[in-house]
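> What follows is a single structure, and I will ask about it in a moment.
In our numbering, the protein residues as written are 49 to 98.
As structure tokens, then:
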């Protein structure tokens, strides 16, 4: 394995690059979509993508 490949794997495996604020935001967005789909309000769920 080349030196650059080893460096790339080390960077990939460190958690310091990960932004933890993304997880709660993603959970909230998934919850909102689930509520809209459960209400059968598919138009609102689709329009949010546009």
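Beta carbons: idealized from backbone N, C-alpha and C, even for Gly.
How big is the Cα-Cα spacing for residue 52 and residue 63?
19 Å
> Give me the Cα-Cα distance between residue 74 and residue 81, rounded to the nearest whole angstrom.
Rounded to whole angstroms, the separation of the alpha carbons of residue 81 and residue 74 is 11 Å.
> Straight-line CA distance for residue 90 to residue 76?
18 Å
> When the Cα atoms are used, what is the spatial distance from residue 67 to residue 56?
Whole-angstrom Cα-Cα distance: 18 Å.
> Pick out the complete alpha helix (DSSP H) segments inside the region 63-96, 4 residues or longer, and give them in chain order.
Complete alpha helix (DSSP H) runs here, min 4: 70-86 and 90-95.
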